[in-house]
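Numbering (this note's numbering), first residue to last: 105 to 259. The C-beta atom is built at its ideal place from N, Cα and C for all residues, glycine as well. Note that this is a predicted model, so its numbers are computed, not measured.
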């Protein structure tokens, strides 16, 4: 599939589509094994493609390490809170606390605001349920000047 074919298929969603419609569309692409790397350079200009690029790409990867590496390679494509927050649902089932904690320690040191936000948001889906591990997460929190990082820390 190329961009032209993709845009034609995406247009079938109509003008009033919802997130659930995009998710259904994306799951179809995953099932068909459609590769969407051609969207990478468009995701910040065409926000409607952002979810598709990440959901489909991550949905076709097998290991959590591969998925986290992909996210790291695309930190420059995260420039809004929702870009970051949607990622957790695409990787949640494979996350382990130890793996996430190791990576989050690096993420929160990034010069990129939304990479730092990911360093906290990545824990949200299921990894903060163990009260004993919460202390380790609290130790990651630092005095960050960026609003979107502060909001993730506050969660």
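Spatial distance of residue 191 from residue 243 (CA atoms): 23 Å
Cβ pair residue 126, residue 117 closer than 8 Å: yes
Cβ neighbours of residue 198 in the same chain (closer than 6 Å, five flanking residues each side left out): 168
When 188, 185, 140 and 182 are compared against residue 165, the one with the closest alpha-carbon: 140
First and last residue of the uninterrupted alpha helix (DSSP H) at residue 134: 123 to 136
Between the CA atoms of residue 196 and residue 258 - distance to the nearest angstrom: 20 Å
Length of the line joining the Cα atoms of residue 152 and residue 221: 21 Å
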